[in-house]
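Protein chains in written order, with the UniProt record's numbering: chain A, 1 to 538; chain B, 1 to 538.
By construction, the Cβ of each residue, glycine as well, lies at the ideal position given by its N, Cα and C atoms.
Protein chains: 2
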Amino acid sequence: MTRERLYLFDTTLRDGQQTPGIDFSLEDKIAIAKLLDEFGFDYVEGGYPGANPTDTAFFSKKRTGRASFVAFGMTKRAGVSASNDPGLAGLIQAAGDSVCLVAKSWDYHVKVALGCSNEENLDSIRESVTAVIASGKEAMVDCEHFFDGYKANRAYATACARAAYEAGARWVVLCDTNGGTQPTEIAEIVSTLIAGGIPGDRLGIHAHNDTGQAVANSLAAVEAGVRQVQGTLNGIGERCGNANLITLAATLALKPVYADRFVTGVSQDKLTGLTSLSHSFDELLNRSPATQAPYVGASAFATKAGIHASALLKDPRTYEHVPPESVGNFRKVMVSDQGGKSNFINALKQRGITVAKDDPKLDKLISLVKEREATGYAYEGADASFELLAHRTLGRVPEFFSVTSFRVMVERRFDAMGRIRTVSEAVVKLVVDGQEMMSVAEGHGPVNALDIAMRKDLGVYQDEIGDLELSDYKVRILNGGTEAITRVLIESTDGTGARWWTVGVSDNIIDASFQALMDSIVFKLMKNRDLAGQVAAE
Amino acid sequence: MTRERLYLFDTTLRDGQQTPGIDFSLEDKIAIAKLLDEFGFDYVEGGYPGANPTDTAFFSKKRTGRASFVAFGMTKRAGVSASNDPGLAGLIQAAGDSVCLVAKSWDYHVKVALGCSNEENLDSIRESVTAVIASGKEAMVDCEHFFDGYKANRAYATACARAAYEAGARWVVLCDTNGGTQPTEIAEIVSTLIAGGIPGDRLGIHAHNDTGQAVANSLAAVEAGVRQVQGTLNGIGERCGNANLITLAATLALKPVYADRFVTGVSQDKLTGLTSLSHSFDELLNRSPATQAPYVGASAFATKAGIHASALLKDPRTYEHVPPESVGNFRKVMVSDQGGKSNFINALKQRGITVAKDDPKLDKLISLVKEREATGYAYEGADASFELLAHRTLGRVPEFFSVTSFRVMVERRFDAMGRIRTVSEAVVKLVVDGQEMMSVAEGHGPVNALDIAMRKDLGVYQDEIGDLELSDYKVRILNGGTEAITRVLIESTDGTGARWWTVGVSDNIIDASFQALMDSIVFKLMKNRDLAGQVAAE
Chain A
1 MTRERLYLFD TTLRDGQQTP GIDFSLEDKI AIAKLLDEFG FDYVEGGYPG
51 ANPTDTAFFS KKRTGRASFV AFGMTKRAGV SASNDPGLAG LIQAAGDSVC
101 LVAKSWDYHV KVALGCSNEE NLDSIRESVT AVIASGKEAM VDCEHFFDGY
151 KANRAYATAC ARAAYEAGAR WVVLCDTNGG TQPTEIAEIV STLIAGGIPG
201 DRLGIHAHND TGQAVANSLA AVEAGVRQVQ GTLNGIGERC GNANLITLAA
251 TLALKPVYAD RFVTGVSQDK LTGLTSLSHS FDELLNRSPA TQAPYVGASA
301 FATKAGIHAS ALLKDPRTYE HVPPESVGNF RKVMVSDQGG KSNFINALKQ
351 RGITVAKDDP KLDKLISLVK EREATGYAYE GADASFELLA HRTLGRVPEF
401 FSVTSFRVMV ERRFDAMGRI RTVSEAVVKL VVDGQEMMSV AEGHGPVNAL
451 DIAMRKDLGV YQDEIGDLEL SDYKVRILNG GTEAITRVLI ESTDGTGARW
501 WTVGVSDNII DASFQALMDS IVFKLMKNRD LAGQVAAE
Chain B
1 MTRERLYLFD TTLRDGQQTP GIDFSLEDKI AIAKLLDEFG FDYVEGGYPG
51 ANPTDTAFFS KKRTGRASFV AFGMTKRAGV SASNDPGLAG LIQAAGDSVC
101 LVAKSWDYHV KVALGCSNEE NLDSIRESVT AVIASGKEAM VDCEHFFDGY
151 KANRAYATAC ARAAYEAGAR WVVLCDTNGG TQPTEIAEIV STLIAGGIPG
201 DRLGIHAHND TGQAVANSLA AVEAGVRQVQ GTLNGIGERC GNANLITLAA
251 TLALKPVYAD RFVTGVSQDK LTGLTSLSHS FDELLNRSPA TQAPYVGASA
301 FATKAGIHAS ALLKDPRTYE HVPPESVGNF RKVMVSDQGG KSNFINALKQ
351 RGITVAKDDP KLDKLISLVK EREATGYAYE GADASFELLA HRTLGRVPEF
401 FSVTSFRVMV ERRFDAMGRI RTVSEAVVKL VVDGQEMMSV AEGHGPVNAL
451 DIAMRKDLGV YQDEIGDLEL SDYKVRILNG GTEAITRVLI ESTDGTGARW
501 WTVGVSDNII DASFQALMDS IVFKLMKNRD LAGQVAAE
């Protein structure tokens with residue numbers, strides 16, 4: 001059976017830029033365009049040349065290989081001809097294969113925002129499309145506010161879409177600009193439009209997530225007949241974001257209800273890079289990936305419950321909606337106080353530690369984990385600490401070094417100039433290879449000072465930890481108030497790109513941080529010796 | 001036109017507890033059940049009595065007023081009668097109005113996980129439902145893996161649902177346990193089931209978000225006929241989470257396509273508490289609310305600088321899919337916040353501070369708050385600090401005392417007996433009434449030591465702060481990593497039962513804590529003089 005071609009259109013660099021807090025530099029845009037192009041998206045919308053210096057510079061040359069490189073901008077203004085509109089001329093002159101013209105399709109906005117007549121707006125659409133096509137580029141039209149416009153004035157919204165189609169636009173994109181339309185409404189409106197004579201293979205959908213339905217709306221439109229889907233990486237975008245292309249690419253490729261009917265430009269082989277694409281993009285935005293993201297989140301294939309966990313490992317297919325490796329993610333059976341013995345054995349196995357079911361040390365480890373979790377440790381969020389505890393209990397961690405004592409001081413006082421100054425200083429005394437050494441450091445706050453002091457001189461191991469970095473630090477106060485217990489989670493990373501989490505718990509935040517820092521360093525040394533398991537590679 | 005009743009079933013406390021990193025204490029569960037009950041959800045599923053000590057204690061009494069309080073557990077085991085099954089007996093004996101029985105409905109899992117015959121499983125369903133009903137409670141059945149089971153063995157999955165229905169279960173809940181089913185499949189399967197004789201007003205839907213479709217799947221099931229919808233606050237849950245009841249409650253109430261046909265237990269009036277409910281829950285989990293969450297996110301009604309912003313202010317209805325105030329959220333125009341000034345005046349008025357609209361000090365306060373919030377302060381969670389800042393900017397806070405300097409030391413070393421000891425000590429130098437004094441104290445951790453030292457001798461004010469207590473302490477690390485900024489929130493209380501929150505922000509956790517402690521003491525002194533506003537009474 002021949003599958004129909006579905007086109008994926010990425011607007012991360014244009015509409016995604018509307019996300020509060022996100023502003024791409026030219027270098028960001030170049031790097032992201034490369035990721036998108038290589039992954040197999042059909043269209044990469046790069047921005048609005050002429051609107052700002054970054055976008056203008058970005059469009060000084062073509063930034064994609066295989067993918068069509070799209071410039072976004074407005075249709076010509078009313079009252080001037082297409083050839084005399086400098087905005088439109090700029091779009092056409094910009095490097096790129098396609099021009100996506102945004103056009104009003106809600107009569108209210110034509111009046112209020114454009115201040116022209118309905119007929120003038122239709123003329124602008126027709127003439128702008130004609131001018132783009134005449135330049136040899138592909139033309140497409142984003143019908144802004146299409147669905148709300150359709151509800152307000154069905155005939156006019158339809159006339160806008162038809163004007164674009166009849167003028168020869170390759171794609172007429174129906175935009176749910178305010179994001180409030182529901183899937184059933186999308187399905188009905190798209191079907192009516194197609195029945196009215198605009199073929200589905202000339203229609204696209206652009207959905208926003210204001211009611212959590214951007215993915216559903218996109219797929220409802222596909223089922224109703226559209227053949228181009230717009231969205232962004234990880235669903236970034238204005239307000240609640242755009243349709244998440246990461247999710248859509250996976251669903252279209254892996255769910256038989258779509259995969260049996262459609263094919264996109266993303267090969268099954270490329271799809272195994274999905275998790276990496278999603279995380280690389282977050283890395284570029286300097287934010288932590290969402291752990292619960294569909295398909296690609298760290299928790300997307302994680303199981304906590306004891307009863308499910310053992311059955312899961314017997315036959316993963318019956319507990320996982322798709323194989324995690326199909327999207328480059330992996331299965332995770334978490335250690336937690338809900339877990340049973342087989343859960344533990346498997347958690348250990350995943351980390352390269354084999355232990356017999358009847359080994360008394362295993363029972364010791366299980367009761368140790370449960371006991372510690374009862375006092376506030378959270379091993380499910382601290383794989384590296386769990387692994388170290390397991391190795392220690394089963395008797396296999398070398399004592400690389402020991403800390404004899406430490407002292408941390410924070411002082412706030414007025415300096416000689418009369419300004420308030422807060423200084424943090426840490427002194428650490430440790431024994432490495434039989435030799436006692438002492439280090440002192442200042443830092444931003446006491447934990448930072450302690451971290452620097454501990455890693456300042458590890459003697460024979462110093463070279464090995466040069467690329468170790470503390471990348472995240474989380475504090476949670478358990479049972480607030482004066483009896484408070486503090487849990488510290490630390491994420492570390494090194495030159496190989498590996499990341500690992502360690503945990504410390506104490507009624508003293510410095511002490512809790514110390515435990516987590518110690519585990520991080522020891523884990524790194526284990527990892528350097530290939531003694532650490534899969535965690536490091538994850 | 002009469003609208004049909006739709007029942008909202010919250011499983012935050014049961015299925016939500018499967019979220020990686022989330023473990024509710026008994027106190028958490030009590031507080032959350034209260035929020036859910038007051039908001040208007042019909043069912044509050046509290047957990048699995050008998051499975052762990054917390055859930056057992058939680059079910060020692062009924063925890064809801066209006067809402068039905070639901071205990072979750074398994075159907076009786078094969079081979080014993082319902083009356084001889086201790087698990088089932090425990091469920092029936094637990095406090096609560098309803099029992100939700102989970103039953104396998106995929107023949108594969110019946111064989112592999114239960115190890116009994118298909119017929120025995122049907123017997124377990126029937127007999128367990130009968131036993132629950134005989135006890136006078138409402139019975140419902142979660143058909144686990146229903147949709148995957150249906151695809152594998154349509155007749156058997158249907159037989160399970162039918163067995164529950166015919167035995168008298170009030171609700172037969174169709175669970176997409178693995179979360180991979182698409183809306184079109186849900187619609188088709190539910191429709192077939194209803195056509196086969198199980199009425200929709202006896203059916204429920206339980207969806208997971210593994211393909212980003214949990215909300216869409218829930219609504220597709222509603223359109224196909226089910227009348228109970230299960231979900232969780234903010235969509236927490238195993239893997240990618242459950243259906244988000246916050247989103248669903250808003251969509252069902254505000255989108256005509258649903259609001260015209262259905263009514264839920266959440267009144268329009270209660271719906272204005274939606275944003276607060278969502279944020280309070282995150283606060284309890286000590287995590288930042290998702291800024292892009294549908295309806296309730298801080299960005300959900302935010303518009304970034306540009307063409308839309310001014311048009312938006314002219315006529316918000318054409319740029320917003322619902323009015324932000326309908327869900328207790330607010331419009332945010334990110335360049336020049338037109339609504340900002342009157343918001344501030346109202347916030348001050350609530351605290352008994354009147355200020356004229358054209359007072360230049362008001363502009364100063366507004367820019368100060370914006371500036372500080374940009375660096376990490378969160379005044380919406382720290383009313384007392386906001387009030388102090390307002391009083392200070394408007395020039396009305398007496399200088400009760402000042403801190404010249406402080407020093408905090410944490411030392412970990414071996415004591416004379418060879419045991420590890422961690423000692424925290426703080427020294428504070430302050431000036432009260434022209435007199436310099438110095439106090440020293442030890443504590444559990446550096447913040448506790450600092451708190452004790454600061455309150456040890458306040459000279460003439462000492463008597464006044466005798467009943468001041470630090471009741472909660474929260475730390476959040478903003479932008480993790482080495483550039484981390486720490487935000488500390490402190491809750492204080494006194495003999496009058498009043499509670500107030502103060503905030504401190506710094507790259508140094510001790511310094512941030514110091515700021516919040518200072519504000520707390522000064523607020524207490526203001527309050528004693530009746531200079532503090534409503535905050536204290538809230």
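Query: Where the alpha helix (DSSP H) through Gly504 (chain A) begins and ends; Result: It is not in any alpha helix (DSSP H) - Gly504 (chain A) instead sits in the beta strand (DSSP E) that spans 499 to 506.
Query: Spatial distance of Arg287 (chain A) from Ser506 (chain B) (CA atoms); Result: 20 Å
Query: Spatial distance of Lys255 (chain B) from Gly16 (chain A) (CA atoms); Result: 26 Å
Query: Near-chain B residues of the segment 492 to 517 of chain A - C-beta to any C-beta below 8 Å; Result: Ser506, Asp507, Asn508, Ile509, Ile510, Asp511, Phe514
Query: Per-residue contacts from Glu371 (chain B) into chain A (C-beta, under 7 Å); Result: Within chain A, no residue comes near Glu371 (chain B); the closest Cβ sits about 17 Å away, beyond 7 Å.
Query: The segment 345 to 357 of chain B / the segment 260 to 276 of chain B touching (three or more Cβ pairs under 8 Å); Result: no
Query: Whole-angstrom C-beta distance between Arg239 (chain B) and His208 (chain B), which should lie under 8 Å; Result: 7 Å
Query: Proximal chain A residues relative to Ser424 (chain B), where beta-carbon distance stays under 7 Å; Result: Asn508
Query: Residue-chain proximity (His206 (chain A), chain B), Cβ-Cβ < 8 Å; Result: no
Query: Listed by chain order, chain B residues near Phe24 (chain A) by CB distance under 7 Å; Result: Under the 7 Å cutoff, chain B gives no residues; its nearest Cβ is about 13 Å from Phe24 (chain A).
Query: Cβ shell of Tyr165 (chain B) (< 7 Å), same chain only, five flanking positions each side left out; Result: Val172, Ile198, Arg202
Query: Closer than 8 Å to chain A by CB, Asp315 (chain B); Result: yes
Query: CB contact check: Val335 (chain B) to chain A, cutoff 8 Å; Result: Model confidence at Val335 (chain B) stands at a pLDDT of 41, short of 50, so the residue's coordinates are unreliable and nothing is read from them.
Query: Listed by chain order, chain A residues near Thr184 (chain B) by CB distance under 9 Å; Result: Leu219, Ala220, Glu223, Val257
Query: Inter-residue spacing [alpha-carbon to alpha-carbon] between Asp85 (chain B) and Arg77 (chain B); Result: 7 Å
Query: Collapsed DSSP secondary structure at Asn242 (chain A) in the structure displayed; Result: strand
Query: Selection of the segment 276 to 308 of chain B by Cβ proximity to chain A, strictly under 9 Å; Result: Asn286, Ala290, Thr291, Gln292, Ala293, Pro294, Tyr295, Gly297, Ala298, Ser299, Ala300, Phe301, Ala302, Thr303, Lys304, Gly306, Ile307, His308
Query: Gln213 (chain B) at chain A interface by Cβ criterion, 8 Å; Result: yes
Query: For Thr130 (chain B) and Ser81 (chain B), the rounded distance between their alpha carbons; Result: 12 Å
Query: Three or more C-beta pairs below 8 Å linking the segment 276 to 285 of chain A and the segment 17 to 35 of chain A; Result: yes
Query: Cross-chain neighbours of Ser405 (chain A) in chain B, by beta carbon under 8 Å; Result: Glu411, Arg412, Arg413, Phe414
Query: Cross-chain neighbours of Lys270 (chain B) in chain A, by beta carbon under 8 Å; Result: Correct list: empty, because the minimum Cβ distance to chain A is about 19 Å.
Query: Cβ shell of Thr264 (chain A) (< 6 Å), same chain only, five flanking positions each side left out; Result: Leu6, Leu8, Leu252
Query: Neighbourhood of Tyr377 (chain A) by C-beta distance below 6 Å, restricted to the same chain and skipping five residues each side; Result: Val503, Val505
Query: Element boundaries [alpha helix (DSSP H), containing Ala390 (chain A)]; Result: 383 to 393
Query: Partners in chain B for Asn234 (chain A), counting only beta-carbon separations shorter than 8 Å; Result: Ordered by position in chain B, no residue passes the 8 Å Cβ test against Asn234 (chain A), which lies about 10 Å from the chain.
Query: Same chain, Cβ closer than 7 Å to Gly87 (chain B), five either side skipped, listed in chain order; Result: Gly50, Gly73, Met74
Query: Buried or exposed (CB count within 10 angstroms, at least 16 for buried), Arg407 (chain B); Result: buried
Query: Residues that DSSP places opposite Tyr473 (chain B) in a beta bridge; Result: B:Ile490
Query: Rounded Cβ spacing between Tyr473 (chain A) and Val447 (chain A) (contact assumed at less than 8 Å); Result: 7 Å
Query: Straight-line Cα distance separating Ala139 (chain A) from Asp123 (chain A); Result: 15 Å
Query: C-alpha gap between residue 581 (chain B) and Gly381 (chain A), whole angstroms; Result: For residue 581 (chain B) there is no data in the structure shown, the boundaries of chain B being 1 and 538.
Query: Cutoff 8 Å: Ile477 (chain A) Cβ touching any chain B Cβ; Result: yes
Query: Cβ-based contacts, 9 Å cut-off: residues of the segment 95 to 110 of chain A near chain B; Result: Trp106, Tyr108, His109
Query: Where Asp337 (chain A) sits in the DSSP three-state scheme; Result: Any reading at Asp337 (chain A) must be qualified, since the residue scores a pLDDT of 45, below 50, and its modelled position is unreliable; the value itself is stated next. Three-state DSSP puts Asp337 (chain A) in coil, outside helix and strand.
Query: Residue range of the alpha helix (DSSP H) that includes Asp511 (chain B); Result: 509 to 528
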